[in-house]
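Participant: Oh and the sequence shown: position 417 is 417 in this note's numbering, straight run, nothing missing.
Ideal Cβ placement from N, Cα and C applies to all residues, glycine included.
Please see the structure below; I have some questions.
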Amino acid sequence: MVHIHFIAIGGAAMHNLALAVASKAGYKVTGSDDEIFDPALSHLRDAGLLPDEMGWHPERITRDIDAIILGMHAREDNPELVRARELGLKIYSFPEYLYEQTKDKIRIVVGGSHGKTTTTSMILYVLNRLGIEADYMVGAQIEGFERMVRLSDTAKYAVFEGDEYLTSPLDLRSKFLWYHPHVAILTGIAWDHINVFPTFPEYVETFRKFVNSIEPEGSFIYYQGDENLRMLADEIRRSRDHEITAIPYDAYDGKVEMQVFGRHNMQNLQAAMLACHCIGVKPEDFYREISTFTGASNRLEKICETESSVAYKDFAHSPSKLKATINAVRERYPEKKLIACMELHTFSSLMADFLPQYKGCMAEADVAYVYFNPKVIEHKRLTPITKEEVREAFGTTNVTVFTESEALQEALRKCTKEPCTKYKGVALLMMSSGTFDGVDVKQFATELLETDLENGTLIIEKNGVKYNAIGNVIK
């Protein structure tokens with residue numbers, strides 16, 4: 001029995017890896033964390049992997065443990081980590097362990113400042129539909145997949161979402177530098193993680209290292225509209241060290257009807273097709289199967305729809321993601337009143353030096369609400385920012401800034417209930433990598449849009465059937 005212990009098991013990726021390892025025959029999994037929230041809490045409990053008590057317990061780190069997997073949430077002075085190092089136990093980071101388990105497989109890795117989750121999901125969705133087995137790691141739940149990580153002894157391929165953030169408290173390199181892909185995708189480079197990459201050239205450099213980590217005779221698939229990616233592709237073409245093939249792409253403009261929308265998603269789709277083609281999937285087979293792909297969870301995910309209004313949620317938080325998502329919804333619903341609401345939640349987004357990157361990102365929205373919690377800034381030990389600084393940074397008159405979740409919710413209630421004479425209804429877009437301080441976004445959006453904004457009719461749903469206020473069925 002191989003005993004693997006996870007330090008900081010409650011993370012989104014970490015708990016999925018723990019579930020994947022525990023499902024393999026001959027493996028015993030234990031773990032620890034100082035706090036675990038849903039969905040990880042429920043997933044670990046259901047699998048019998050939830051720690052019996054929260055906190056760090058160095059006395060449980062013993063010589064019979066075969067390996068430690070260290071999560072980014074743990075600090076370098078973590079008591080369990082200190083004990084593991086004293087005992088000389090093998091310590092893996094999350095990406096290092098993934099590589100170790102797939103080093104003999106053909107690896108496809110999707111990186112970039114935006115779109116990597118959706119692109120990875122598209123590749124996996126098509127491979128699954130075609131019956132092509134693959135191990136994987138992806139940052140969202142996908143239709144037809146039980147969990148976000150899979151490791152097997154039988155798959156020929158491994159498909160990873162490649163994150164440029166730090167590997168672990170002991171390894172300050174980017175995660176994706178561990179994977180050494182045979183097929184690599186970069187969707188774009190737009191400055192992010194300013195706390196790790198304080199200048200844009202430093203940020204570009206980690207992507208250069210990623211490109212240089214591609215296996216000899218591998219493929220580099222890149223979005224040709226990004227000048228920095230074109231530069232990296234040119235460097236590859238001038239180098240004869242590895243004979244890597246550079247393959248440009250742009251947005252798909254074919255005739256196949258898709259369930260997803262937006263130019264950025266058509267770019268993601270084309271990148272996914274090229275990656276699948278590199279391992280033998282015919283383009284016509286890819287396009288046939290991808291036509292039923294509805295998206296990854298929390299990535300432009302439709303959460304509510306009435307006769308005239310619609311609501312989406314999205315993980316967007318960086319400037320490039322924010323702009324692409326808003327523009328996609330505007331293009332999809334040009335006749336609707338677009339209400340875009342986003343939360344500043346990440347380290348970068350809450351730093352005064354980074355805020356100017358958001359200039360003009362929400363310009364296409366009719367109403368733009370930006371929310372941040374000053375307590376989060378304090379918790380992250382960042383320099384305080386003001387509502388005025390945020391409003392000025394976004395640079396358009398449609399932006400209103402909130403620092404209290406209740407005030408934001410009240411403004412959204414008022415805004416969505418105003419009579420719409422110019423518009424047929426509302427397209428509501430809620431964007432965050434957080435929760436707007438505990439808001440159930442799907443439930444809240446349903447509450448906001450339960451009134452048909454074109455004619456003021458209350459929509460009531462009973463047993464899956466929708467009725468208007470006078471009892472007529474809404475089809």
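Got a sec? Which residues, its chain only, sit under 8 Å from H277 by beta carbon, not counting five neighbours each side?
Facilitator: If you number the sequence shown from 1, residue 277 lands on position 277. Closer than 8 Å at the Cβ level, and outside the excluded window around H277, lie P283, F286.
Participant: Below 8 Å, how does it come out for the stretch 210 to 227 and the stretch 182 to 190: are there three or more Cβ pairs, yes or no?
Facilitator: yes
Participant: Identify, in the order they occur along the chain, each residue of the same chain with its Cβ nearer than 7 Å to the Cβ of T119, setting aside the five sequence neighbours on each side.
Facilitator: As a first step, residue 119 must be located in the sequence shown, where it is residue number 119. Same-chain partners within the cutoff: V110, I185, T187, N268, A271, A272.
Participant: Could you tell me which whole beta strand (DSSP E) segments of length 3 or greater appear in the stretch 369 to 409?
Facilitator: 399 to 402
Participant: Is the stretch 119 to 131 close to the stretch 86 to 98, with three or more CB pairs under 8 Å?
Facilitator: Look at the beta carbons and you see the stretch 119 to 131 not touching the stretch 86 to 98: under three pairs across the two are nearer than 8 Å.
Participant: Please specify which runs of the alpha helix (DSSP H), each continuous and at least 4 residues long, are wholly inside the stretch 292 to 319, giving them in chain order.
Facilitator: none
Participant: Which stretch, first to last residue, makes up the beta strand (DSSP E) that contains I93?
Facilitator: By one-based count along the sequence shown, residue 93 stands at place 93. Ile is not the amino acid found at residue 93; the sequence shown has Ser there. Per DSSP, S93 belongs to the beta strand (DSSP E) from 91 to 93.
Participant: Hey, how far is the Cα of V21 from the Cα of V149?
Facilitator: Position 21 of the sequence shown, counted from the start, is the residue given in the question as residue 21. Position 149 of the sequence shown, counted from the start, is the residue given in the question as residue 149. Their backbone Cα atoms lie some 9 Å apart in a straight line.
Participant: What's the call for D33, buried or exposed, on a 16-neighbour Cβ count within 10 Å?
Facilitator: Numbered from its first residue, the sequence shown carries residue 33 at position 33. That one is buried.
Participant: For R381, does the count of other Cβ atoms within 10 angstroms reach 16, so buried, or fall short, so exposed?
Facilitator: Stepping through the sequence shown from its first residue, residue 381 is reached at position 381. When all chains shown are included, R381 counts as exposed.
Participant: Hey, is the stretch 132 to 151 in contact with the stretch 324 to 336, meaning 3+ C-beta pairs nearer than 8 Å?
Facilitator: No, because fewer than three Cβ pairs between the stretch 132 to 151 and the stretch 324 to 336 fall closer than 8 Å, the two stretches do not touch.
Participant: Nearest by alpha-carbon distance to F200: which of M430, F354, P248 is it?
Facilitator: As a working mapping, residue 200 is identified with position 200 in the sequence shown. Closest by alpha carbon: F354.
Participant: Provide the residue span of the alpha helix (DSSP H) that contains I7, from first to last.
Facilitator: The residue given as residue 7 occupies position 7 in the sequence shown. Not the alpha helix (DSSP H): I7 falls in the beta strand (DSSP E), residues 2 to 7.
Participant: For A352 and H317, I'd like the C-alpha separation in whole angstroms.
Facilitator: For the purposes of this step, residue 352 is taken as residue 352 along the sequence shown, with counting starting at 1. For the purposes of this step, residue 317 is taken as residue 317 along the sequence shown, with counting starting at 1. One C-alpha to the other measures close to 15 Å.
Participant: Let me make sure I understand the geometry here. Which of P319, V159, D52, N78 has the alpha-carbon closest to that of H193?
Facilitator: Within the sequence shown, residue 193 is the residue found at index 193, counting from 1. The option with the nearest alpha carbon to H193 is P319.
Participant: So is T421 buried or exposed if we call it buried at 16+ other beta carbons inside 10 Å?
Facilitator: Walking along the sequence shown from the start, residue 421 turns up at place 421. Its pLDDT being 48, under 50, T421 is placed unreliably in this model, and the value from its coordinates should be taken loosely. Its Cβ having fewer than 16 others within 10 Å, T421 is exposed.
Participant: Just curious, the alpha helix (DSSP H) that I236 is in, first and last residue?
Facilitator: Taking the sequence shown and counting its residues from 1, the one referred to as residue 236 is at position 236. That run of the alpha helix (DSSP H) goes 227 to 238.
Participant: Work out the CA separation of E343 and P374 for me, nearest whole Å.
Facilitator: One-based indexing of the sequence shown puts residue 374 at position 374. One-based indexing of the sequence shown puts residue 343 at position 343. The alpha-carbon atoms of P374 and E343 are separated by roughly 12 Å.
Participant: In the structure shown, what three-state DSSP assignment does D135 receive?
Facilitator: Taking the sequence shown and counting its residues from 1, one reaches residue 135 at position 135. Strand, per DSSP.
Participant: Would you report the Cα separation of C361 and T62, rounded to the nearest angstrom?
Facilitator: By 1-based counting over the sequence shown, the position of residue 361 is 361. By 1-based counting over the sequence shown, the position of residue 62 is 62. C-alpha separation (whole angstroms): 51 Å.
Participant: Excluding five sequence neighbours on each side, which residues of the same chain lie with their C-beta closer than 6 Å to the C-beta of M430?
Facilitator: For the purposes of this step, residue 430 is taken as residue 430 along the sequence shown, with counting starting at 1. The residues are K313, C341, V441.
Participant: Please report the residue range of the beta strand (DSSP E) in which E343 lies.
Facilitator: Taking the sequence shown and counting its residues from 1, the one referred to as residue 343 is at position 343. Counted as a single uninterrupted DSSP element, the beta strand (DSSP E) harbouring E343 occupies residues 337 to 343.
Participant: Skipping 5 residues on each side, what residues in its chain have a beta carbon closer than 7 Å to that of L172?
Facilitator: Here residue 172 refers to the residue found at position 172 when the sequence shown is read from its first residue. The beta carbon of L172 sits closer than 7 Å to those of L166, all from its chain and outside the five residues before and after it, given in chain order.
Participant: Would you kindly report the start and end of the unbroken beta strand (DSSP E) that includes R107?
Facilitator: Here residue 107 corresponds to residue number 107 of the sequence shown, with the count starting at 1. Looking at the DSSP string, the run of the beta strand (DSSP E) that includes R107 is 106 to 111.
Participant: Using 8 Å as the cut-off, can you tell me whether the stretch 1 to 9 makes contact with the stretch 51 to 68, which would need three or more C-beta pairs spanning the two stretches below that distance?
Facilitator: yes
Participant: Any contact between the stretch 378 to 393 and the stretch 294 to 310? By contact I mean 3 or more CB pairs, one from each, below 8 Å.
Facilitator: no
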